[in-house]
Amino acid sequence: MPFFYEPAWWDLLSKDWQVIQYEHAGLDFFIPFLSEKKIAFTLIRNPHLTPYSGILYDFNNNLNDADLKVAFAKGLALMPNSSALELDSYPNAFPSNATASIKITHVLNITDKDTIYGTFKKALKRQLKKADLNLIVQTSADIKPLLSLNSASLKRQNTTQHFDTQLAEKLFDYSKKESKGQLFYNRDEHGNIHAGLWVVYDREKMYYLLGGSNPDFLGSGAMGQLLWTAIQLCIDLKLSQFDFEGSNVPGIARFFKTFGAYEVLYPVLTKPTNRILSLLQRIKKA
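In our numbering, the protein residues as written are 787 to 1072.
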């Protein structure tokens, strides 16, 4: 089971989560979801710190695209009425054209250290060499510094954290307790933290879940060093992929591609948003 579908993870997100179950082409399909109340609106969307929460089935069964599209449409039809619905499907679980709404992530296939490093762009290799000269990577059980770094990173992008920090701490503790997560920081000789990175993983993939950089040390190559450290952990764990969990920020997407990551399109289980809610959202963004 992919990491973000584990029932224990959802129990931490909320005790009120639900599951829709249905069948198609001889397989069972499941959709875990949470309903949120905001003023007079009901929202069904990815829970915080849970990048994938769409339809789950046994991904080892190779259904053809036609059957998968029908299964996707069936799931969409079974979702309860809501003011807004947006659940991101697990990458490669369904054809990207299963719905009109599509998102992008960036994925790196895991081979061996030399092969992967050989695909890195020259600029990234220069950053890594610089970071290795000045920074030391350490693992940690304290997520609080990362939450501060992440908040600072989002502030530079003119946005804010949308998750509860206490929830983040509970989810992090779960990932560590289950040996399915790791937290890295790098520090300079004066003890300054330059960046932090929290990754989680299952039997197949590792996911970049949360990261942040110190705005005072943006030229140190710190985040590149931490990502390369995480990718090497992927190799040691014999995982198949590292999912950068794509970004809508063009500069971040370009940075991911310097690692040799490629784009993966995946569909979003979605229905039109309530007109009044849509208007309020546009006003808020204006």
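Glycine included, C-beta positions come from ideal geometry on N, C-alpha and C.
The model shown is predicted, which means the values in this text are computed figures rather than measured ones.
Residue i in three-state terms, based on DSSP
i        : result
Met-787  : coil
Val-856  : helix
Gly-998  : strand
Pro-1053 : strand
Ser-1064 : helix
Ala-1039 : helix
Asp-851  : helix
Ala-870  : strand
Leu-835  : coil
Exposure label - residue i; buried when at least 16 CB within 10 Å
i        : result
Gly-1032 : buried
Ala-815  : Here the sequence assigns Phe to residue 815, which means Ala is not the residue at that position. With 16 or more Cβ atoms within 10 Å of its Cβ, Phe-815 is classed as buried.
Leu-846  : Before going further, note that residue 846 is Asn rather than Leu in the sequence given. So Asn-846 counts as exposed.
His-980  : buried
Leu-820  : buried
Ala-954  : buried
Gln-968  : buried
Arg-1040 : exposed
Asp-797  : exposed
Asp-802  : exposed
Gly-812  : exposed
Asn-883  : exposed
Arg-831  : buried
Ile-1062 : exposed
Gly-998  : buried
Leu-864  : exposed
Met-992  : buried
Ala-794  : exposed
Ala-826  : exposed
Same chain, Cβ closer than 6 Å to residue i, five either side skipped, listed in chain order
i        : result
Val-1050 : Pro-877, Thr-891 and Val-893
Thr-1044 : Lys-907 and Leu-910
Phe-1003 : His-980
Thr-828  : Ser-821, Ser-868 and Ser-869
Beta-carbon proximity of residue i to residue j, cut-off 8 Å
i        : j        : result
Pro-837  : Leu-799  : no
Tyr-994  : Lys-966  : no
Asn-978  : Ile-922  : no
Leu-849  : Pro-881  : no
Pro-866  : Ser-839  : no
Ile-1021 : Asp-900  : no
Trp-1014 : Leu-932  : no
Val-1054 : Thr-885  : yes
Ser-1026 : Asn-920  : no
Leu-842  : Asn-936  : no
Ala-1047 : Phe-1030 : yes
Thr-1059 : Ser-887  : no
Ile-1038 : Phe-1028 : no
Gln-947  : Leu-940  : yes
Ser-875  : Tyr-1052 : yes
Cβ-based neighbour list, residue i, same chain, cut-off 7 Å, excluding 5 preceding and 5 following
i        : result
Arg-942  : Pro-1001
Ser-926  : Leu-969 and Tyr-971
Gly-1010 : Leu-910, Gln-913, Leu-914 and Ala-917
Asp-844  : Leu-813
Ile-929  : Ala-954, Glu-955, Phe-958, Leu-969 and Trp-984
Contacts around residue i, its chain only, beta-carbon distance under 8 Å, and the 5 residues preceding and following it disregarded
i       : result
His-810 : Asp-853, Val-856, Ala-857 and Lys-860
Arg-989 : Leu-1025
For this session: Give, in chain order, every unbroken run of the beta strand (DSSP E) that is at least 3 residues long and sits entirely within the region 967 to 994.
Result: 967 to 973 and 979 to 987
For this session: With a floor of 4 residues, list each alpha helix (DSSP H) that falls wholly inside the region 883 to 960, ordered by position along the chain.
Result: Runs found: 899 to 905, 908 to 920 and 930 to 942.
Exercise. Where are the alpha helix (DSSP H) runs, 4 residues long or more, that stay fully inside the region 793 to 828, in chain order?
Worked result: 793 to 799
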